[in-house]
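Visitor:
Residue numbers (this note's numbering), protein chains in the order written: chain A, 964 to 1091; chain B, 6 to 476.
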């Protein structure tokens, strides 16, 4: 039985998606990937996922819409939004919709790792 | 003007009224009209009253306001004026014509007194306000024995005065007051009847001027509103510029931060590997560094594209055959199009002149347009390229048509905006670069597109030398 926490990395940029997946795998997380919000929703429906790290702007379905859908369909899944735009409006929108955190690209990996630990810790406390 | 000599006959007065009415029709400023009316009332060729004053109703404030008075304030002044008039010997028309050179209203004492009159039009007002309420003329034989409005008693000198209302379409717009305070001539009913005829025309003339003034004010207000609207509009255009700048900045940020992100992640991977000291680390390090190199190249490409768009480059102009350039571009793209079932055809104008262009830049522009057309047909289609000569406009035209996915009106609006792209891997600099190159050549680019029907791009370039190409 796989007890490792599962993180879904959603990004239409292949280099970012693959790079982040590799790093998270090395940090001993189970990692799944998706190229856009729509594909991410499908993956969340079929599998247990603890955390979604999603890019903001993607074709078919962007990060904000994915966040909205997740809050309805899988409210227990934590969401970290990552963006290359860094706009204040979208930051506020994401936080109001219940994103755990909002990060700008390029990601500071140490910061992200701490954030992931915090989300997962909060989640396990809530489940206990 | 104030003498009683040579009193005109009834017919003379009527003719004068007719002539003055013609003059009133051609004069527009209200003050000048009032002056003409009062001059006629006081001139010996006119009505010959010693003094005349005109009051107008302010409907908004429900007040009667003194507007102008003509005549002396006392007997001494009257004597002086009559003497001057006798010496000048001017006609009424000369006085009217002299209006522009005269000192303006408020200068004579009587005029000043008249202009100070402000009376509320209350229902139980005393004479001469009753004249307004009853819409009828009024002769008061000795005002000292009658209870009149105090503001008027300050104006009056002798015992008798008369008033006629100024009526237009059954509405009283004002009042004319006349007296013979200094020669003591009695005002009789026949004087008032003639005065009523003149007052009727005078009222219409005053009303017209006031309507015209009100209309002018509305036109001025509209012009001011239009001016304001233009200012707001230009401010919005300015904001549009800011918005486009914002989108440009966001586009640059996005295009730079994504490769930076990949570089940062892969450097972290290398660091992690070094820490862990895995046996198979060499391959992973190589893979990570390849990604870093790829992303650095991507950034470099972005910077080159952006520079091509944003900075002026030197043009190396030569008279060249556009068809040669088009053949090269199409040849380059044909292998790509074959795999996507795209049929490419061309119809070139046989007498197209050589045009003065920078080969590299025009090639780049045409390449971008052809590439867009091919990418718009992922499921295959038809790409047609035409050239033509428009002699009237002294320019050549290159038309590139596709049967691809087309564009919505909204997308069409933004196609020349840097970093605006509907493609997943598009930088959004292709068409902005094309537009810039075409404009630098003094040409024009037009795009017509229908969603799901296709797009046609027309590039017009000036044919500076209409030398017919041979062979």
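Positions of the beta carbon are idealized from the N, C-alpha and C atoms, including for glycine.
(1) I need the DSSP call for residue 110 (chain B), collapsed to helix, strand or coil.
(2) For residue 89 (chain B), count neighbouring C-beta atoms within 10 Å of its own C-beta (all shown protein chains included) and say buried if the count is 16 or more, exposed if not.
(3) Quick one: which residues of the segment 981 to 997 of chain A get their C-beta closer than 7 Å to a C-beta of chain B? List them in chain order.
(4) So, under 8 Å CB-CB, residue 122 (chain B) and residue 60 (chain B) are touching, yes? Tell me the CB distance rounded to an integer number of Å.
(5) According to DSSP, which residues form a beta bridge with residue 170 (chain B)?
(6) Comparing the C-beta of residue 274 (chain B) with each C-beta of chain A, is any distance below 8 Å?
(7) With a Cβ-Cβ cutoff of 8 Å, do residue 1033 (chain A) and residue 1015 (chain A) count as a contact?
(8) By the three-class DSSP mapping on this structure, what secondary structure does residue 161 (chain B) have?
(9) Could you tell me whether the segment 224 to 233 of chain B touches the segment 197 to 205 of chain B, using the rule of 3 or more Cβ pairs below 8 Å?
(10) At the level of alpha carbons, what is the spacing between residue 294 (chain B) and residue 1078 (chain A)?
(11) For residue 136 (chain B), which three-state DSSP category applies?
(12) Taking DSSP as the reference, what is the three-state secondary structure of residue 1001 (chain A)?
(13) If you measure between the beta carbons of residue 290 (chain B) and residue 268 (chain B), is that distance less than 8 Å?
(14) Out of B:192, B:440, B:363, which has the shortest C-alpha to C-alpha gap to residue 142 (chain B)?
(15) With distance defined between alpha-carbon atoms, name the residue in B:456, B:415, B:370 nearest to residue 449 (chain B).
(16) Leaving out the 5 sequence neighbours to the left and right, which residues in its chain are closer than 6 Å to residue 980 (chain A) when beta-carbon positions are compared?
(17) Would you list, in sequence order, the uninterrupted beta strand (DSSP E) runs of no fewer than 3 residues that lie entirely inside the segment 15 to 96 of chain B?
(18) Provide the residue(s) that pair with residue 144 (chain B) in DSSP beta bridges, ordered along the chain.
(19) In terms of alpha-carbon separation, which member of B:402, B:351, B:41 lies closest to residue 99 (chain B)?
(20) Residue range of the alpha helix (DSSP H) that residue 988 (chain A) falls in?
(21) Kindly identify the DSSP beta-bridge partner or partners of residue 363 (chain B).
(22) Taking the alpha-carbon of residue 438 (chain B) as reference, which of B:368, B:419, B:313 has the nearest alpha-carbon?
(23) Three-state secondary structure (DSSP) at residue 269 (chain B)?
(24) Residue 334 (chain B) and residue 372 (chain B) look like a contact to me (Cβ under 8 Å); what is the Cβ gap, rounded to whole Å?
(25) Looking at chain B, is there any beta carbon in it that lies within less than 8 Å of the beta carbon of residue 1069 (chain A)?
(26) What residue does the beta strand (DSSP E) around residue 973 (chain A) start on, and which one ends it?
(27) Nearest to residue 276 (chain B) by CA position, among A:978, A:985, A:966, is which residue?
(28) How about the segment 410 to 417 of chain B and the segment 449 to 459 of chain B: do they share at least three Cβ pairs that are nearer than 8 Å?
(29) Go to residue 1011 (chain A), then tell me how far its beta strand (DSSP E) extends in each direction, as first and last residue.
(30) Roughly how many angstroms separate the alpha carbons of residue 37 (chain B) and residue 229 (chain B), rounded to a whole number?
(31) Residues of chain A with CB under 9 Å from residue 355 (chain B), in chain order?
(32) If you drop the 5 nearest sequence neighbours on each side, which residues of the same chain put their C-beta closer than 7 Å to that of residue 327 (chain B)?
(33) Can you tell me whether residue 410 (chain B) is helix, strand or coil according to DSSP?
(34) Under 8 Å between C-beta atoms, does residue 1057 (chain A) make it to chain B?
(35) Just to confirm the assignment, what range does the alpha helix (DSSP H) spanning residue 127 (chain B) have?
(36) I'd like to know whether the C-beta of residue 1003 (chain A) is nearer than 8 Å to at least one C-beta of chain B.
Guide: On the basis of the supplied data:
(1) Here the model assigns residue 110 (chain B) a pLDDT of 48, short of 50, so the residue's position is not dependable, and the following value carries that caveat. Correct three-state label for residue 110 (chain B): coil.
(2) Burial is judged here by how many other beta carbons sit within 10 angstroms of a residue's own beta carbon; residue 89 (chain B) has fewer than 16 and is exposed.
(3) Taken in chain order, the members of the segment 981 to 997 of chain A whose beta-carbon sits within less than 7 Å of a beta-carbon on chain B are 982, 983, 985, 986, 989.
(4) Sure, about 6 Å apart at Cβ, within 8 Å.
(5) Looking at the DSSP assignment, residue 170 (chain B) forms a beta bridge with B:180.
(6) Yes - at least one Cβ of chain A is within 8 Å of the one on residue 274 (chain B).
(7) In contact: residue 1033 (chain A) and residue 1015 (chain A) (Cβ atoms closer than 8 Å).
(8) In this structure, DSSP gives residue 161 (chain B) a state outside helix and strand, which the three-state scheme calls coil.
(9) These segments do not touch.
(10) In this structure, the straight-line span from the alpha carbon of residue 294 (chain B) to that of residue 1078 (chain A) is close to 26 Å.
(11) Here residue 136 (chain B) sits in helix by DSSP.
(12) Residue state, collapsed to three classes: helix.
(13) No; because the gap between Cβ atoms is not below 8 Å, this pair is not in contact.
(14) Minimum Cα distance to residue 142 (chain B) is reached at B:192.
(15) The shortest Cα separation from residue 449 (chain B) among B:456, B:415, B:370 belongs to B:370.
(16) Within the same chain, residue 980 (chain A) has close Cβ partners 972, 974, 996.
(17) DSSP runs (the beta strand (DSSP E)) wholly in the segment 15 to 96 of chain B: 56 to 63, 68 to 75.
(18) For residue 144 (chain B), which the question treats as bridged, DSSP gives the partners B:167.
(19) Comparing Cα-Cα distances from residue 99 (chain B) to each of B:402, B:351, B:41, the minimum goes to B:41.
(20) Here the alpha helix (DSSP H) through residue 988 (chain A) covers 977 to 989.
(21) Answer is B:322, bridged to residue 363 (chain B).
(22) Of the candidates B:368, B:419, B:313, the one whose C-alpha sits nearest the C-alpha of residue 438 (chain B) is B:313.
(23) Residue 269 (chain B): helix per DSSP, three-state reduction.
(24) Here residue 334 (chain B) really is in contact with residue 372 (chain B); their C-beta atoms are around 5 Å apart, less than 8 Å.
(25) Chain B, which has a Cβ nearer than 8 Å to the Cβ of residue 1069 (chain A), makes this yes.
(26) From DSSP, the beta strand (DSSP E) with residue 973 (chain A) extends over 969 to 973.
(27) The shortest Cα separation from residue 276 (chain B) among A:978, A:985, A:966 belongs to A:985.
(28) In short, these stretches touch, since the Cβ pair count reaches three.
(29) That residue, residue 1011 (chain A), is in no beta strand (DSSP E); it is neither H nor E in DSSP.
(30) In this structure, the straight-line span from the alpha carbon of residue 37 (chain B) to that of residue 229 (chain B) is close to 27 Å.
(31) Within 9 Å of the CB of residue 355 (chain B), no CB atom of chain A is found; the nearest one sits about 44 Å away.
(32) Non-local beta-carbon contacts of residue 327 (chain B) in its own chain, meaning distances under 7 Å to residues more than five positions away in sequence, involve 357, 360, 392, 401, 403 in chain order.
(33) In the structure shown, residue 410 (chain B) sits in coil (DSSP, three-state: anything other than H, G, I, E or B).
(34) So, not an interface residue.
(35) No alpha helix (DSSP H) contains residue 127 (chain B), which DSSP labels as neither H nor E.
(36) Using a CB distance cut-off of 8 Å, residue 1003 (chain A) does not count as an interface residue toward chain B.
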